[in-house]
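**Q** Can you read through this structure? Questions will come right after.
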Amino acid sequence: MGKLTILALRVVIAMVLAGSLFVQVWMVPLLSTDLVEVGAPDGPRITLLVIVVLGILCVQVVAVCVWRLLTMVRRGTVFSHRAFRFVDIIFGAVSVAALLMFTIAALLAPGDIAPGVVLLICGAALMIGGVALLVLILRTLLAQAVARDVEAAGLRAELDEVI
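In terms of this note's numbering, the sequence shown opens at residue 48 and continues consecutively.
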């Protein structure tokens, strides 16, 4: 991966982290105020706000882990067992995000929300779950690449002994 590509991705990640922090600090309190003004009961309102904050936290965790993986790519150490920790954390965060999205749908289902909206939210939860499965597949590919790298290092060592 080229230096320019890594730099561009880091700029995007920095913007995502800054934007998510802005949403957590500024927009979530405004959402809370709006929900109070429309007369939302305290229980569902607080639950929804917690889900939103946790969802944003999932995005932040993924962004930080991708940043760390980019660092490993730049150093040429991404095909190592240390990378699995970050990929596993990404898988967990995306899985939690899918569950949080489904929880929002479950909270909205018994209310006055149109069933189509609840169905769209369930579809979004399904798509996020699909991303989690994709990360799991990429983890398997990383495991195969690490195994090949270890095998190649062993073969190089044997060849060096022969020479």
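Even glycine gets a Cβ: it sits at the ideal position worked out from N, Cα and C.
Among V182, F69, I103 and L101, which one has its Cα closest to the Cα of V134?
**A** Along the sequence shown, one-based indexing puts residue 134 at 87. Cα-wise, what sits closest to V134 is V182.
**Q** Reducing DSSP to helix, strand and coil, say where F133 ends up.
**A** The residue given as residue 133 occupies position 86 in the sequence shown. Looking at F133 - three-state DSSP - the assignment turns out to be helix.
**Q** Return helix, strand or coil for T124, following the three-state DSSP convention.
**A** To locate residue 124, count along the sequence shown from 1; it is residue 77. Coil.
**Q** Thinking just about the alpha-carbon of each residue, which of V120, S142 and F126 is nearest to the one in L101?
**A** What you label residue 101 is simply residue 54 of the sequence shown in a count that begins at 1. Ranking V120, S142 and F126 by Cα distance to L101 puts S142 first.
**Q** Short check: CB of F126 to CB of A192, under 8 Å?
**A** By 1-based counting over the sequence shown, the position of residue 126 is 79. By 1-based counting over the sequence shown, the position of residue 192 is 145. Result yes, Cβ atoms of F126 and A192 sit closer than 8 Å.
**Q** Taking the Cβ atom as the reference point for each residue, do A110 and I53 lie within a distance shorter than 8 Å?
**A** Sequence index remark: in the sequence shown, residue 110 carries index 63 (1-based). Sequence index remark: in the sequence shown, residue 53 carries index 6 (1-based). In this structure, I53 does not lie closer than 8 Å to A110 by Cβ.
**Q** Assuming A179 and F149 are in contact, meaning their beta carbons sit under 8 Å apart, how far apart are those beta carbons, in whole angstroms?
**A** Counting from one through the sequence shown, the residue named residue 179 turns up at place 132. Counting from one through the sequence shown, the residue named residue 149 turns up at place 102. Rounded, the Cβ-Cβ distance is 12 Å, inconsistent with contact.
**Q** Check whether the segment 88-103 and the segment 71-78 touch, using three or more Cβ-Cβ pairs below 8 Å as the test.
**A** At 8 Å Cβ cutoff, the stretches touch.
**Q** Take the Cβ of A172 as the centre, count every other Cβ of all protein chains shown within 10 Å, and call the residue buried at 16 or more, exposed below.
**A** Translated into the one-based positions of the sequence shown, residue 172 becomes position 125. Per the 10 Å Cβ criterion, buried.
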